[in-house]
Amino acid sequence: MSWFHYVGSHVHNFCDTDNGYFLEGGKGEHLLPGREIRYRCECTVPSAGEYTLQFELDTRIRLRINEIPVDYSRGIRLKGFLPQTAWKFRRGRNPLEFCLENPTGQTLSPQFRVRLIDGKGEIVLQDRKHPYRNDFQPQDNPGRQMPDLSSWHPGAGKAFKSAGRFGFTKGDGVLDYSMPYFGIIAKPHIAGNPKWKKNLLWSFSVLPDGMCPAGSLQQSYEPQQDEKIVVDWASVRWTRPDANRNPFTLEYSLLAPELLIETDADTFTLSRLAGSAACKRILLPLADGVLEHSDCDGVFYDKNINGTLAENWILIYGNGAFPEIPILLLFRVPPEKILVKRDSAGAAERIDLHFGTSIQWAMLGFPGGISMLEPEDLDAAWLEHTVSICRKRSRTAPARPVGCEEYFKLENNRVEILQHYRFRFFDDAFHTEKICCAPLPPPLALAAPETSEIVLDPDARDFELPTKYGPLFTVFHSDWSRYSVPVPDTRRSFALEKRTSGALGEDFKEYLAFHDHLKEIPNPGVHQFLFPFIIPLLTFNELTEEQREELINRLERNLERACNPDSSYIGRDGKKCHMWYQRTEPFTGVSYIFNYLHVSGINNLPDCGKETVSNHRFPFIEVDWGNGIALYSIYLAALFTNRWDVIRSRWNVIKEAFNYYLVLMDWACMCSGYCENGRAWNDGTNYGGYLGFVNMAEMTGDREACETGIYAYAKMTAQRMGLFVASQNYYCKYFKVSPWYTAKLFPEELTFSHHHLAYPTPVLHGTYREQALYNMTTEGHYPEAFQMYAAYMPAALQDTLNAVEKSQPEGFSVTGPLENGTDSIYHTNRKQLGEQEVCSYLLLCLFSGRYSPAEIKSRIEEAIANQRLSKEFLGAHAFSYRRVPAKWCAVYLLGQASCFHQVQATLWKGLIPRRAAYPELEVTVIESQDAWIEFRSETPFELTLNGDTLPVMWKKGSLVRYRIPASGILRFR
């Protein structure tokens, strides 16, 4: 019956006419002349008063309600345009009988449905029963067999223990919710939606009466008496005594979307609901169908009235306002009664579930994941789909993955990773089937549609849970899953063009003097002793012999110092600092060393002694930044000085530094976080840590360490690929906004004051988010990272660069002058790009082929003329102290554009490159028995030494290596 959708060619109504019908009948039937048909039901209202009954029926039919004739076809319709009548109800349940009579001489259709509207025009939802469907069951994989792992390498969870994001502090965030304190369930990303105007963290409690929340987000948490915390890289099991000193356990996990609650109590309570979840409706799986139900007089469910539950779940929902966040509950035994206490506005304050016996275990989850729905989204199609999800999760939740061991295999420049899961099985009174699931890290499902290089397990299926990190895919009926990711290039390329000018020498003495005159290191860390002297050597072809020697000598002096954990220096405010500090995560005992005390974090330390720093209770931030730029600097220092002997002698120190990336590797986000307790993935500077370690492991011949480093590096880059398309392809759908480019990070989400998902309207210019290009590498300046995006995410990169160009004010360009003649800035804090983002933009355009090298060179020259590039300092000017020759950035970019199609050097050992004048390169051999050099070229070439052709020593893709027996002139031809 669709006649009511049309009410005149120029009259359009947008009120809801499709939902809320609680009684439907007569479809396909016939009502003969003079005959009648009756429909009976109960109608429940929250308070006594007058309501409006709205109908759909043939208007020729006479209608009686409880034997009272109703004239519904005339008069002003105050509650929409459907046929309606006012009716008085008493509070609670009201029996209704609708009698439809055919007064005509024709056969009519008795098709009929009815709904209830309150005085505010809102639908008053009534009980409805929905038949069970069997389309929720995931297909089995009877022929699936796990491969023989004898030739695979053990990874996280097997070869090494990891605390993941769960170290040091408590609480934590997981796939689609957070527990900022013990027993408090929160969804901080709702605060990042412009529709949420409340000064309130969306949250509620699962704690029993008399039990208080506990936790410490800022400093390391110390368990109290009778309290136990067990942590691994994928989950936390946290037990505290309740008010009666009985154990109350909460287990939250990245492998299972449900929170596990274990207690011997016979009641379970949801409290602190006010302001977050009004909980007006409940779904009850009964013997003859799923009952859609409202509470009456504070009773949501009574086994004696409604009947015993037939399945192990219920769903509580119905906020009546944004956001609609349905709550799924699963139980070992069916509840006897569910009671709700409401405030004066009808919103739930607490819900008590009474079982009559020990609960032993219950589980809680969110079938919508990170979805934030409007009330109108909860229509019939939503309900049918949600019931299917609830029934599926009622089968998967009792087969709970409680451990994950990874294995990996390196082959054809790819890493194949297999995850083997351990399960805990939960029996219930319903004899529920248990379906094992082997999930995949969610960023993979974000990246896979964008690049064929990310290959998911062919048996993986969408679990239908949108998480903070992407869609959760899983292999049903399996205890293992696998995926394959590429190994991006680890080599940096060095231009060999002839020296074009003396630009780097114009302030070379002043640059060195700046570092010589520093009385203290204000930005404390290993990088400060190496990176400023490495930067000019990245363009060694543009330096004089004297300049090269000066920088190499400084690096030689500092390299041993940088690798020695006992060496020291004077940091900010005269504090004596050490190069490396040991840190031990308290819950797991895993350890690593770190070096960066942070430009402001050092102020929180009374001193920088080893014991003080090692025992500091506050997690250090930007550890991935500090270890990343340190390992990259150490690698390049060894490369330019040929002091690989220092690396070999200090190899254990370097491995301990890289341990940060292993022993805090997160299961969901696939790598360690930006600080010791997770919080966000990642700081872009971490990229260099993986590059430096993999290359050093290769150069020292530690094959096992090299393979483990490649495994970790490939996982980290796969996560970055997913993050790169998260906001424009994924998050925008759940915030119901236009795509934006690009997301800054994957957040753990804890509270208002910590990183959480958000639609970043204050920093959007068009569709481009401020600092998006900057965040790709932050202070790292890694061309290797830009090449990775260009190689594996070409379409997404072009879309992002389009957004960058369109974001500039009208009449301005990325490399053009700054608006109003303002001074250059390091990174964007307004519409126009900052220095590093201009540099990043130009490199991305070059590596992606967006513009030709000649066009790029022209844009670089425009940027130079408009002073849009970094000059004396690389890094935020206020605190970086990474003084370099003022024209280095310009020289580097011009060299990259000019030499883009030339042969470039990538790696060498036993020699020092000297004067470059492409197609020639002068080298000095130091170790004649083991000197070689590696080049990158997309086209074949021959190499001669002093006129003699050299044989190829090794070739892999575009990389080719030659043994160099003596000093002299290399020539490409």
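Take the sequence shown: its letter number 449 is residue 429 in my numbering, and every next letter is one higher.
Just so it is clear, CB atoms sit at the ideal spot from N, CA and C, and this is done for glycine as well.
Bear in mind the structure is a predicted one, so any value in this text is a computation, not a measurement.
Per the DSSP calculation, residue i is bridged to which residue(s)?
{"i": "Arg261", "result": "Ser274 and Tyr297"}
{"i": "Gly653", "result": "DSSP, once it has assigned bridges, lists no residue as partnering Gly653."}
{"i": "His495", "result": "Paired residue(s): none; His495 is not in a bridge."}
{"i": "His807", "result": "Answer is none; His807 lacks a bridge partner."}
{"i": "His133", "result": "Phe388"}
{"i": "Pro75", "result": "Glu22"}
{"i": "Cys417", "result": "Phe456"}
{"i": "Gln562", "result": "Ile573"}
{"i": "Ala139", "result": "Note: Ala139 sits in no beta bridge, so no partner."}
{"i": "His110", "result": "Val270"}
{"i": "Trp912", "result": "Lys889 and Arg943"}
{"i": "His400", "result": "Glu385 and Trp460"}
Could you pull out every residue in the same chain whose Cβ sits closer than 8 Å to the Cβ of residue i, ignoring the five residues on either side in sequence?
{"i": "Gly60", "result": "Asn(-7), Cys(-5), Thr(-3), Gln34, Ile97 and Gly101"}
{"i": "Cys588", "result": "Pro504, Gly551, Lys555, Lys556, Cys557, His558, Leu577 and Ile582"}
{"i": "Thr337", "result": "Asp246 and Val313"}
{"i": "Ala775", "result": "Glu430"}
{"i": "Asn46", "result": "Pro75, Leu76 and Glu77"}
Do you know how far the Cα of residue j is from the Cα of residue i?
{"i": "Ala955", "j": "Ser185", "result": "This structure cannot speak to residue 955, because the chain is shown only from -19 to 953."}
{"i": "Tyr549", "j": "Met559", "result": "8 Å"}
{"i": "Phe148", "j": "Val633", "result": "23 Å"}
{"i": "Phe410", "j": "Glu291", "result": "6 Å"}
{"i": "Trp218", "j": "Thr592", "result": "28 Å"}
{"i": "Ala245", "j": "Ala223", "result": "11 Å"}
{"i": "Val104", "j": "His365", "result": "22 Å"}
{"i": "Pro865", "j": "Asp469", "result": "28 Å"}
{"i": "Ser(-18)", "j": "Thr32", "result": "For Ser(-18), the pLDDT reaches just 44, beneath the cut-off of 50, and the residue's location in the model is therefore unreliable, although a value from the coordinates is still provided. When rounded, the distance between both Cα atoms is 21 Å."}
{"i": "Gly345", "j": "Leu235", "result": "13 Å"}
{"i": "Pro314", "j": "Leu230", "result": "20 Å"}
{"i": "Phe574", "j": "Ser594", "result": "10 Å"}
{"i": "Thr454", "j": "Met126", "result": "15 Å"}
{"i": "Thr447", "j": "Ala425", "result": "11 Å"}
{"i": "Ile238", "j": "Pro306", "result": "The sequence as given places Glu at residue 238; Ile does not occur at that position. About 13 Å."}
{"i": "Gln399", "j": "Gly606", "result": "30 Å"}
{"i": "Arg220", "j": "Gln708", "result": "42 Å"}
{"i": "Ala637", "j": "Phe116", "result": "47 Å"}
{"i": "Gly383", "j": "Met645", "result": "14 Å"}
Spatial neighbours of residue i within its chain, please: CB distance less than 7 Å, with the 5 preceding and 5 following residues excluded, ordered by chain position.
{"i": "His495", "result": "Pro512 and Arg863"}
{"i": "Thr808", "result": "Glu750, Gln751, Tyr754, Gly814 and Glu817"}
{"i": "Pro566", "result": "Phe148 and Ser200"}
{"i": "Trp293", "result": "Pro265, Leu308, Leu309, Leu310, Cys370 and Ser374"}
{"i": "Leu390", "result": "Glu687 and Ile690"}
{"i": "Arg124", "result": "Asp439 and Ser458"}
So, under 8 Å CB-CB, residue i and residue j are touching, yes? Tell me the CB distance rounded to an integer number of Å.
{"i": "Leu923", "j": "Ala946", "result": "So it is not a contact: roughly 14 Å between Cβ atoms."}
{"i": "Ile339", "j": "Phe248", "result": "6 Å"}
{"i": "Leu585", "j": "His596", "result": "7 Å"}
{"i": "Val570", "j": "Lys141", "result": "5 Å"}
{"i": "Ile844", "j": "Ala870", "result": "5 Å"}
Using a Cβ-Cβ cut-off of 6 Å (strictly less than) and excluding sequence neighbours within five positions of residue i, which residues of its own chain qualify?
{"i": "Tyr(-14)", "result": "Residue placement at Tyr(-14) is flagged as unreliable, the pLDDT there being 49, under the threshold of 50; the coordinate-derived value follows with that caveat. Excluding sequence neighbours, Tyr(-14) sits near nothing in its chain."}
{"i": "Pro90", "result": "Gly6, Glu9, Leu11, Ile17 and Leu80"}
{"i": "Tyr872", "result": "Thr519"}
{"i": "Ser215", "result": "Ser233"}
{"i": "Ser828", "result": "Ala770 and Leu777"}
{"i": "Gln968", "result": "The structure shown does not extend to residue 968, since the chain spans only -19 to 953, so no value can be given for it."}
{"i": "Ile209", "result": "Pro203, Trp218 and Phe567"}
{"i": "Phe509", "result": "Asn538 and Ala542"}
Judging by CA-CA distance, which residue of the options is the nearest neighbour of residue i?
{"i": "Trp979", "options": "Gly668, Arg683 and Glu591", "result": "The shown model of the chain, from -19 to 953, leaves out residue 979, and the question about it has no answer."}
{"i": "Ala360", "options": "Ile805, Phe2 and Trp888", "result": "Phe2"}
{"i": "Arg70", "options": "Ser27, Asn46 and Thr39", "result": "Ser27"}
{"i": "Arg93", "options": "Leu58, Thr39, His133 and Asp120", "result": "Thr39"}
{"i": "Arg848", "options": "Leu891, Thr795, Thr288 and Leu181", "result": "Thr795"}
{"i": "Leu531", "options": "Thr480, Ala617 and Ile627", "result": "Ala617"}
{"i": "Pro438", "options": "Cys416, Arg462, Pro451 and Leu271", "result": "Arg462"}
{"i": "Gly195", "options": "Pro160, Asp189 and Ala171", "result": "Pro160"}
{"i": "Cys655", "options": "Trp912, Glu238 and Gly608", "result": "Gly608"}
{"i": "Trp883", "options": "Asn675, Trp647, Phe726 and Arg472", "result": "Residue 883 is actually Val in this sequence, not Trp. Looking at the Cα atoms, Arg472 is the closest of the given residues."}
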